[in-house]
Structure formats: structure tokens, C-alpha cells
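Visitor:
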Amino acid sequence: MVNARVNRGVIGLGRIGAVRKDPFYLDCLLLNGERERDRLFCRHDYRHMVLVSQISWRIIKQTDGLESLIKTEGLSGKMSALEVVYAAGLLHDMGRWRQYDTGEDHALAGSAMAGSVLKRAGFSEREAMVVIRAIREHRKALPGQSYLGRVLCLADDLSRPCRSCNVRLDCYKYEHMENIKKRNKTGYKLDAG
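In this text, residue positions in the sequence shown follow this note's numbering: the first is 598, and each later residue adds one.
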């Protein structure tokens, strides 16, 4: 079983550590930061990406979706699943700067960029496909999407610190985010299948 200590330490270890240190990924984080320097609303920085990774893993564990994720996606076991979930969370907004520059959907841009980072970090082709699909699907949870894509979408929404935000009343997402958080207060409602 992947325990909590491993979960907390996964960010610096092995393949996830390689993702974190990847030069192209770091460049994307810098570009996101430059584009969002004067942004009043939520930022798409490393802290946000780590939080999305952690919330995603918690959702999967609390919905008993781990075994289903492993089986459905053809992953080799719990450690592979943990690394896939964390990689998806860390990489899901790496294309945000492209959306600012070109108008291209950041989920599509990020899914196109993530493959090279995953390959350099040592993810298998199968694992990379699972991560890339989840990144592509993370903007809106829709029927037919992968379980990890839906989890990533929910975790992205739940990661937002709306209640403590100084500009929440000006944010077009505030009411939507609060409704999501209220619906999920008693537990995450996602079908793992």
C-alpha cells in the first residue's frame, strides 16, 4: 500500500522529481508567471499544480477508485498510479502561457507539450497516454471522459482558495466554485468506472 509518508514525499522522488526538475517544465512555469504577473485572480503556478496533484490523489483514495484506475488504464500498480496522478496534476496547466499568447486552449496546448516531459522523466508510453488524456480533459468533466480526467477537473476546482480571495466578488467563477465545494463537502461524487 502506498502510505501517507510516500504520498507527501513523492514530489521529490523518482519520476515525479524528474518532472519537477525538467528544464522545459520549469520554462513553462516561468512563462506562466510572467503572463500572470499582474493577474488579480487565481494563478497557475507550481503551488497550484502541487495542490491539484494532492487533491487528485485524495479523491482517488477516498472514492475507492485506485484499483479501477490501475485496471482500466493498464497501470502496473499503486506506485505507477500515484506517479501518473501526480504527473497529471503537476503538468495540467503547463500550457497556460500559450493560451495567454495565442488563445489556444491551455488544456490542449499542455497535453501536446507534456509528452516530452513525461518521456524524459521515464514514464512508459501507456502511462504518458493516461496523463496526456487527463490533461486534455481537465477543463470540464463530461460523460465519456477518463476517470483521471474527471478527477483532475474536480481537483482543479477544489484547489481554488475562493473564500479567502480579495477579488472573489469580481470573479466570474466564484459562485460556480462555491457550489462545487458545497456539493463535495460530504464526499467526492465520482464514479470510478
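For each residue, glycine too, the CB sits at the ideal point set by N, CA and C.
Tell me which residues share the same chain as Gln-742 and place their Cβ nearer than 7 Å to its Cβ, disregarding the 5 neighbours each side in the sequence.
Guide: Glu-734
Visitor: Distance, Cα to Cα, Gly-719 vs Arg-612?
Guide: Rounded to whole angstroms, Gly-719 to Arg-612 spans 6 Å at the Cα level.
Visitor: At the level of alpha carbons, what is the spacing between Ser-756 and Leu-627?
Guide: Going by the C-alpha atoms only, they are around 21 Å apart.
Visitor: Quick one: what does DSSP say Gly-611 is sitting in, helix, strand or coil?
Guide: In the three-state scheme derived from DSSP, where H, G and I count as helix and E and B as strand, Gly-611 is classed as helix.
Visitor: Residues in the same chain with beta-carbon distance under 7 Å from Ala-678, minus the five sequence neighbours each way, listed in chain order, please.
Guide: Hits under 7 Å: Leu-663, Leu-666, Ile-667, Leu-672.
Visitor: If the criterion is Cβ atoms closer than 8 Å, does the pair Leu-739 and Val-682 meet it?
Guide: no
Visitor: At 4 residues or longer, and completely inside the region 632-665: list those alpha helix (DSSP H) runs for me, N to C.
Guide: Every alpha helix (DSSP H) stretch that sits fully inside the region 632-665 and reaches 4 residues is listed by chain position as 643-659.
Visitor: For Gln-659, count neighbouring C-beta atoms within 10 Å of its own C-beta (all shown protein chains included) and say buried if the count is 16 or more, exposed if not.
Guide: Looking at its Cβ environment, which holds fewer than 16 other Cβ atoms inside 10 Å, Gln-659 is exposed.
Visitor: Consult DSSP for Lys-716 and reduce its assignment to one of helix, strand or coil.
Guide: The answer is helix: DSSP assigns Lys-716 an H, G or I state.
Visitor: Kindly indicate which three-state DSSP category Met-691 falls into: helix, strand or coil?
Guide: coil
Visitor: Buried or exposed for Met-598, going by 16 or more other Cβ atoms inside 10 Å?
Guide: In this predicted model, Met-598 has a pLDDT of only 37, less than 50, meaning its place in the structure is not dependable; the value taken from the coordinates is given anyway. The residue is exposed, with fewer than 16 neighbouring Cβ atoms inside 10 Å.
Visitor: To the nearest angstrom, how far is the alpha carbon of His-680 from that of Leu-705?
Guide: With the sequence shown as reference, residue 680 is identified as Glu, and His is not the correct amino acid for it. If I take the Cα positions, the gap works out to 21 Å.
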